[in-house]
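Worksheet: the structure to be examined is printed underneath.
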Amino acid sequence: GAGVSQSPRYKVAKRGQDVALRCDPISGHVSLFWYQQALGQGPEFLTYFQNEAQLDKSGLPSDRFFAERPEGSVSTLKIQRTQQEDSAVYLCASSGNRVEQYFGPGTRLTVT
Amino acid sequence: KQEVTQIPAALSVPEGENLVLNCSFTDSAIYNLQWFRQDPGKGLTSLLLIQSSQREQTSGRLNASLDKSSGRSTLYIAASQPGDSATYLCAVFYNQGGKLIFGQGTELSVKP
Chain W
5 GAGVSQSPRY KVAKRGQDVA LRCDPISGHV SLFWYQQALG QGPEFLTYFQ
55 NEAQLDKSGL PSDRFFAERP EGSVSTLKIQ RTQQEDSAVY LCASSGNRVE
105 QYFGPGTRLT VT
Chain R
81 KQEVTQIPAA LSVPEGENLV LNCSFTDSAI YNLQWFRQDP GKGLTSLLLI
131 QSSQREQTSG RLNASLDKSS GRSTLYIAAS QPGDSATYLC AVFYNQGGKL
181 IFGQGTELSV KP
């Protein structure tokens, strides 16, 4: 079956622009996670949804980061007024049981 | 603070060698531990998941062990092949909350 998909795969933004990153989870998975992976580092947790409820957003680095999952399926991670330090790979994962997470290919964001 | 550390950061071996990657975690109250593989520009592929009640898991040439009391896990790769070249990430899951906490990864290069 289809895995987790993310779009776009690559995004170049000028500093100060807003970006929106999309995640399509595995069908039927109630849990959805966003992670940020800087170059040469392991992924770091950003936020977690169960259905449409955002249960944990403790990892969002600033109020410029906002995530939503309005119908409990597709999720969007929005970054406002992008900064160079936002350059990273943004990974989405989904889970049917919260425990075992399946990852998408990621969106590589470069802020110039 | 819950932290995960992986040693070494990078490893280069000739084809055919057996090798061990190390992972340590500060809070031993884990629910499970997972080893992932990440190829350049790609997402994460789950290799092995060890529940907290288990001591090891095996899949083909891979064997992962878990010692909760000492806060350590190892990933053993037998008879390494050039196709094993990738970054290997260790991640722990705690029952409270839903996030995975990752190590920084070990970048493995297997030379033909």
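Protein sequence lines correspond, in order, to chains W and R. If you read the first sequence in the working numbering, its first letter stands for residue 5, the second for the next number, and so on. If you read the second sequence in the working numbering, its first letter stands for residue 81, the second for the next number, and so on. Ideal Cβ placement from N, Cα and C applies to all residues, glycine included.
Asked, Found
"Please list the residues of the stretch 88 to 111 of chain W that have a C-beta atom closer than 7 angstroms to any C-beta atom in chain R, keeping them in chain order.", "Leu95, Arg102, Val103, Glu104, Gln105, Phe107, Gly108, Pro109 and Gly110"
"Grab the span of the beta strand (DSSP E) containing W/Val16 for me, first residue to last.", "Tyr14 to Ala17"
"Using a Cβ-Cβ distance under 7 angstroms, would W/Ser14 count as near chain R?", "Going by the sequence as given, residue 14 of chain W is Tyr instead of Ser. By this cut-off, W/Tyr14 is not an interface position."
"Quick one: residues in its chain with C-beta nearer than 6 angstroms to the C-beta of R/Val100, no 5 flanking neighbours on either side, listed in chain order?", "Thr154 and Tyr156"
"Taking 7 angstroms as the cut-off, decide whether the C-beta atoms of W/Pro47 and W/Tyr39 are in contact.", "yes"
"Name, please, each residue of chain W whose Cβ falls closer than 8 angstroms to the Cβ of R/Leu155.", "Those within 8 angstroms of R/Leu155 in chain W number zero; the least Cβ separation is about 14 angstroms."
"Tell me the DSSP secondary structure of R/Gln176 in three-state form.", "coil"
"Identify each residue in the stretch 85 to 117 of chain R for which the Cβ-Cβ distance to at least one residue of chain W is less than 9 angstroms, and report them in chain order.", "Gln86, Ala89, Tyr111, Asn112, Gln114 and Phe116"
"Applying the criterion that 16 or more other CB atoms from any shown protein chain within 10 Å of the CB defines a buried residue, is W/Arg13 buried or exposed?", "exposed"
"Pull up the distance between the alpha-carbon of W/Arg112 and that of W/Ala92, whole angstroms please.", "6 angstroms"
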